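In this text, residue positions in the sequence shown follow the UniProt record's numbering: the first is 1, and each later residue adds one.
Idealized CB from N, CA, C, for every residue including glycine.
Values in this document were obtained by computation on a predicted structure and should not be read as measured data.
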Amino acid sequence: FSTTAVKDILHNKIYAGYLEYARYINWETKRRKGKNPKPILVKGTHEPIISEEDYQKVQERFALEGKQPKWNHTGENVLTGLLRCPECGAPMAASNVTNTLKDGTKKGIRYYSCSVFRNKGASVCHANSIRAEQAETFVADRLKEIIQLPEVLPRLVAALNEEIVRQSQPLEQELVVLLERKEELKTKIEKWEAALEDSPELFPMLKDRLDELTEKRRQLHIRENEILGIFQQQGEPIQVKDVQRILTSLDRFLAQSEKKQIKALYRTF
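What follows is the structure in structure tokens.
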């Protein structure tokens with residue numbers, strides 16, 4: 001389940017009831033690299049799978065995510081992009097300060113501070129800094145408390161299963177359309193090949209068109225395998241007992257895991 005595939009699904013205007021034409025420029029030479037920045041977008045006659053409002057919310061979320069500071073997945077600041085400034089609501093960014101002690105020893109201290117203050121100054125917001133160690137300890141302890149509450153875990157597992165089902169529905173719709181399109185292309189390719197058998201002298205003129213149809217069908221086959229792979233990975237619904245077994249080792253996970261894995265865990269909550 002590649003991130004590229006997920007992004008394509010969330011950006012797919014067909015689910016919101018639209019059709020997109022002229023997506024690519026100079027297809028014969030550039031193929032998918034020749035993406036048109038201004039394709040033709042029209043309202044389709046098919047029934048939308050999601051509402052216009054929900055689709056726009058997803059696009060707004062993409063725009064918001066694009067403005068957030070990028071995570072340093074190899075760094076030690078696991079709360080970058082997750083903490084919010086209590087004054088303006090902007091993401092908190094990590095910074096390092098070196099203090100000189102009375103004996104001359106230099107000591108580095110990590111802080112999380114308002115990213116807007118750091119970029120635009122005190123006229124917009126204030127630092128509202130908090131020591132990184134203090135914030136990270138608080139978040140880790142709070143996470144342990146939350147997942148131990150008896151009413152939280154079943155609700156969380158139910159929400160995860162509902163989300164899996166919700167995400168599967170548009171994929172099922174896409175797969176139906178994809179298989180129909182594959183069959184149509186197969187029929188066209190067979191007709192073109194039959195025509196070439198009867199009139200081989202037409203091969204130079206028809207070769208590019210036949211290659212284009214073959215490539216389209218190959219791309220659909222790749223996408224079909226991606227969707228089937230997603231369904232296979234989903235498997236059975238998540239069980240509360242399985243999650244409980246995983247969470248019993250949470251302390252060890254937080255102590256031993258790479259920072260990027262801890263960031264990913266915090267992101268899910």
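Between residue 162 and residue 127, the alpha-carbon positions lie close to 39 Å from each other. When only Cα atoms are considered, residue 40 and residue 19 end up about 8 Å apart. DSSP places residue 185 in the helix class (H, G or I) of the three-state scheme. By the neighbour-count criterion, in which 16 or more other beta carbons inside 10 Å mark a residue as buried, residue 236 falls on the exposed side.
Residue range 92 to 100 is occupied by the beta strand (DSSP E) that includes residue 96, with no alpha helix (DSSP H) assigned at that position.
An exposed status is given to residue 26, since fewer than 16 other beta-carbon atoms sit within 10 Å of its beta-carbon. With fewer than 16 neighbouring CB atoms inside 10 Å of its own CB, residue 47 falls in the exposed class. As DSSP reads the structure, residue 35 sits in a beta bridge with 24. When 13, 60, 37, 23 are compared, the shortest CA-CA separation from residue 43 is found for 13.
Nearest to residue 130 by alpha-carbon distance, out of 85, 60, 104, is 85. Judged by DSSP secondary structure, residue 50 falls outside any beta strand (DSSP E); it is assigned neither H nor E. Bounds of any beta strand (DSSP E) do not take in residue 84, whose DSSP letter is neither H nor E.
Here residue 29 is exposed: its Cβ has fewer than 16 other Cβ atoms, across all protein chains shown, within 10 Å. When DSSP states are grouped into helix, strand and coil, residue 108 belongs to the strand group.
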